[in-house]
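As structure tokens, the structure follows; a few thoughts come after it.
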Amino acid sequence: VDMPKTFTHFHPLGYVLVVMLGAGVAERVGLFGTAMRAGVRDVPNALLTPTVVLVGMLGNLAADAAYVVLIPLAGIIFHAAGRHPIAGIAAAFAGVSGGFSANLLPGQLDALLFGITEASVETVFGDFTANIAGNWFFIAGMTFVFLPVIWYVTDKIIEPRLGAFDPSLASAASADDESDRELTEDERRGLRNAGWAVLFVIGLWTLFTIVPGTPLIDEAASAEAQMAPFYKSLVAAFFILFLLAGWAYGKGAGTINDHRDLVKMMTGAMEDLAYYLVLAFAAAHFVAMFSWSNLGLILAVHGADFLSSTNMPAWALLTSIILVSSLLNLFVGSASAKWALIAPVMVPMLMLLGITPEMATAAYRVGDGATNIITPLMVYFPLILIFCQRWQSNFGLGSLAATMLPYSIGLLVSGLAMTIAWVVFDLPLGPGASVFMEIPTTGQ
Numbered sequence: 104v105d106m107p108k109t110f111t112h113f114h115p116l117g118y119v120l121v122v123m124l125g126a127g128v129a130e131r132v133g134l135f136g137t138a139m140r141a142g143v144r145d146v147p148n149a150l151l152t153p154t155v156v157l158v159g160m161l162g163n164l165a166a167d168a169a170y171v172v173l174i175p176l177a178g179i180i181f182h183a184a185g186r187h188p189i190a191g192i193a194a195a196f197a198g199v200s201g202g203f204s205a206n207l208l209p210g211q212l213d214a215l216l217f218g219i220t221e222a223s224v225e226t227v228f229g230d231f232t233a234n235i236a237g238n239w240f241f242i243a244g245m246t247f248v249f250l251p252v253i254w255y256v257t258d259k260i261i262e263p264r265l266g267a268f269d270p271s272l273a274s275a276a277s278a279d280d281e282s283d284r285e286l287t288e289d290e291r292r293g294l295r296n297a298g299w300a301v302l303f304v305i306g307l308w309t310l311f312t313i314v315p316g317t318p319l320i321d322e323a324a325s326a327e328a329q330m331a332p333f334y335k336s337l338v339a340a341f342f343i344l345f346l347l348a349g350w351a352y353g354k355g356a357g358t359i360n361d362h363r364d365l366v367k368m369m370t371g372a373m374e375d376l377a378y379y380l381v382l383a384f385a386a387a388h389f390v391a392m393f394s395w396s397n398l399g400l401i402l403a404v405h406g407a408d409f410l411s412s413t414n415m416p417a418w419a420l421l422t423s424i425i426l427v428s429s430l431l432n433l434f435v436g437s438a439s440a441k442w443a444l445i446a447p448v449m450v451p452m453l454m455l456l457g458i459t460p461e462m463a464t465a466a467y468r469v470g471d472g473a474t475n476i477i478t479p480l481m482v483y484f485p486l487i488l489i490f491c492q493r494w495q496s497n498f499g500l501g502s503l504a505a506t507m508l509p510y511s512i513g514l515l516v517s518g519l520a521m522t523i524a525w526v527v528f529d530l531p532l533g534p535g536a537s538v539f540m541e542i543p544t545t546g547q
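The opening residue of the sequence shown carries number 104 in this note's numbering; numbering runs sequentially from there.
Following this line, the structure appears as structure tokens:
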């Protein structure tokens, strides 16, 4: 009876649809691809690896474009610099996929995961509003931790293991790739326009947040709650940021002529979300059944009682969650599908132990990203293999998995160490988000 209401009231649905309307425009006008090409071209050889890795991690905001543009481009640039092209592909793949959650800014993934977190909390504790910036500081920290790890693994382990590049094994297409072309003057103009658009949106949101009487600050609330309107506005902020930046780039680069092109691009973005809509329908009813049956409450309470009796410290609990999510990732590739499966039990259970939903989400993200790059079930794994075979025709699935394994181990170990340090020192995870909380009472 309540199927339509259950589906349409599923919180992640609105978050993701709104953000992707803007991000879809930015991707389709070519902004993301051009920005990544501009970021890694003409880089000194000594800084080539960290630049590729950093652009890869920041390229998470670009979704598919990071895989399709940056990863093959990294191979071409490494080859031009006299280095092994597969080392460049591996470094870019580790940055884009291994550092899947690492970024200097929240993005679509934050909206998606925190929407599921919000729905999971509400199955046990009633109304809860997610803050999609709740992992901002944590994912920024991941960026600075993962960057040197991937850099070291690439230069000191992978490239020496690959040995000298043998041009006879490369295909003719490897040296002739559209992704390596020079930026045109129109593209440069588009990037400048997009930069001004980004600065405008950031300035506008800053103004609306710090000036008294503006809508993004609640001066009548307590000090802790004054920024609540700002946090709630972040989904709209990212939509406007991507939309205006994409429009500004498109007008400068000539990839947008009028509003009809804008509508077509938004329509295309929604077409790409067809798989997500099916997943969201299933996840919405899965979470709702946990709420209706009180199964989530029962499992969370009993699980919390058991874990409390073991006297495990918080860092040990979160370490176990990271390991479980990294293992589960080998068999279920989708980050949102896994989180929708385990969050309805795990998030309330950790809340009953005094650990915030934001910290639970952060721990899951560490484990999820670390093993992305070694599972053949990852949707882009075959594509990465094809990119490698352009440069080495006998490079197989096992070769790719073996190449990426040191990255996976390095990311998992460094992610675990970072999480433990974050918990021990009780560092803020993001604006208004901490590691620990007062143990709540259930709303049922």
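From the three backbone atoms N, C-alpha and C, an ideal C-beta is built for every residue, glycine too. This structure is a prediction, so every number in the text was calculated from the model and none was measured.
F268 in three-state terms, based on DSSP: The answer is coil: DSSP assigns F268 none of H, G, I, E or B.
So, A101 versus L344, is the Cβ gap smaller than 9 angstroms? As displayed, the chain neither begins before 104 nor continues past 547, which places residue 101 out of reach and without an answer.
Going by C-alpha to C-alpha distance, which of P153, D375, G470 and M454 sits closest to D408? The shortest C-alpha separation from D408 is found at M454.
For I477, collect the residues of the same chain with a Cβ closer than 7 angstroms to its Cβ; drop the 5 residues on either side in sequence, then sort them by chain order. A504, M507, L508 and S511
Would you list the one or two residues that DSSP bridges to G533? A536
At what residues does the alpha helix (DSSP H) containing I542 begin and finish? First-last for I542: undefined, no H or E at that position.
Might you give, ordered along the chain, the residues of its own chain that have their beta carbon closer than 8 angstroms to the beta carbon of S120, omitting 5 neighbours on each side? In the sequence under discussion, the amino acid at residue 120 is Leu, which differs from the Ser named in the question. The answer, listed in chain order, is M373 and L376.
Rounded straight-line distance, which links the Cα of N360 to that of F303: F303 and N360: Cα-Cα distance of roughly 22 angstroms.
Report, in whole angstroms, the separation of the C-beta atoms of G533 and E461, which I expect to be a contact under 8 angstroms. 7 angstroms
What would DSSP say about I458, mapped onto helix, strand or coil? Note: I458 maps to strand in three-state DSSP.
Where P147 sits in the DSSP three-state scheme: coil
Whole-angstrom C-beta distance between V156 and A194, which should lie under 8 angstroms: 5 angstroms
Going by beta carbon distance, what residues of the same chain come within less than 8 angstroms of I542, once the five residues before and after it are set aside? Closer than 8 angstroms at Cβ, skipping near neighbours: M454, L455, L456 and G457.
Compare the C-alpha of R131 against each of V172, M540, G306 and A323 and name the closest. V172
Terminal residues of the continuous alpha helix (DSSP H) containing A297? E288 to I313
Which residue comes first and which comes last in the alpha helix (DSSP H) that contains I477? Here I477 belongs to no alpha helix (DSSP H), and DSSP marks it neither H nor E.
Jot down the residue ranges of each uninterrupted alpha helix (DSSP H) in the stretch 358-431, minimum 4 residues, whole runs only, in chain order. 362-375, 377-396, 398-413 and 417-431
For T309, which of P332, T474, T111 and L272 has the nearest alpha-carbon? The shortest Cα separation from T309 among P332, T474, T111 and L272 belongs to P332.
Please report the residue range of the alpha helix (DSSP H) in which V526 lies. L500 to V527
Would DSSP call D230 helix, strand or coil? coil
Could you tell me how far apart the beta carbons of G371 and G127 are, in whole angstroms, since I believe they sit closer than 8 angstroms? 6 angstroms
Going by other Cβ atoms of all chains shown within 10 Å of its Cβ, with 16 needed for buried, is G349 buried or exposed? buried
Using the Cβ count rule (16 or more neighbours within 10 Å means buried), how would you classify P451? buried
Taking 8 angstroms as the threshold, find out whether the stretch 239-246 comes into contact with the stretch 480-496 through three or more Cβ pairs. no
Give the DSSP-derived three-state secondary structure of P209 in the structure shown. Residue state, collapsed to three classes: coil.
Taking Cβ positions, are G293 and K354 nearer each other than 9 angstroms? yes
With DSSP run on the structure shown, which of helix, strand or coil describes I174? helix
Should Y255 and G513 be called a contact, given that it needs their Cβ atoms to be closer than 9 angstroms? yes
With a cut-off of 8 angstroms on the beta carbons, I'd call E262 and H182 a contact; round off their distance for me. No, E262 and H182 are not in contact; Cβ-Cβ is about 12 angstroms, not under 8 angstroms.
Closest to P153 by C-alpha separation, out of F247, Q211, G136 and S223, would be which residue? F247
Take E225 as the anchor and find which of I189, W395, L286 and G191 has the nearest alpha-carbon. W395
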